[in-house]
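Under our numbering, read the sequence shown as residues 11 to 229, first letter to last.
Presented below is the structure to which this report refers.
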Amino acid sequence: MSDKQFNNNDCINDVLPTVLLQEILQYFDLFYSDKVLKFVCPFWRTLTRKRIQKITHLPTLKSIHYYSTRDYYTYQHWMQVDKTGSNTSEKGKIRFMAKAQNDVHLCLGCNKKHQDRHWEIVIGGWGNTMSVIRSENQGNHHAAVGTHKIVNNDEFRDFWIKWDTKENYLQVGKTADINDKNIVMKVSYSVANSLKIVYIGICTGWGSSGEWVFFREGE
């Protein structure tokens, strides 16, 4: 497993253009949607300019992290979402892209142990037909939804995770836009089952390796 934070030339030449191209195309879609406005709105230039400015807000190279995972179900690479290490990460969100044939796995908890207590998220499991949220590795499904071909071995797909341990929910969504309309599955839980999320681990398995791109804010 590797973490190539885009300081490797091969990684830059191969993965980075794909990621940024997908980002830019999203903003160009917004830009071209404004072309009609110049016929009906005197402020079309201002509106269009705002769309173009969004391109300058693409993540910096420093905030983009690339990882690859083998066909091996063990959480080996971990990202710290609470940089203070104080175990007080009550709410947060993270956006990422994944390319895999099936079985994109993430775990979210307070330490970096494969078998310890954490939330486990499976995207595109069971032959890329189903996604679930579990409260332990291979545990009971607290949320399960049919997601036929939600991941793809030939292209990166956008996903996000959002959580709030005070409001007691964990959400998983698709597309780059983090909002309630794009939720794929959600878990609401009791205070007794609340779990601080300090680390996120990733892996793939069941016949699939994977490539990942994480967008880290504040770096």
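Virtual Cβ for every residue (Gly too), placed ideally from N, Cα, C.
Ranked by Cα distance from HIS152, the options ASN138, GLN86, ASP174, MET195 are led by MET195.
Under the three-state reduction of DSSP output, TRP216 falls in the coil class, being neither helix nor strand. DSSP links ASP174 through a beta bridge to LYS101, TYR179. The straight-line gap separating the alpha-carbon atoms of PHE166 and SER78 is approximately 13 angstroms. For the 9 angstroms CB-CB criterion, ILE160 and LYS191 do not form a contact. Proximity to TYR83 across LYS176, PHE106, GLU177, GLY211 peaks at GLY211, based on C-alpha coordinates. As DSSP reads the structure, CYS117 sits in a beta bridge with GLU130, GLY211. The beta-bridge partner set that DSSP reports for ILE188 is empty.
In the DSSP assignment, GLY137 falls within the alpha helix (DSSP H) that extends over 135-138.
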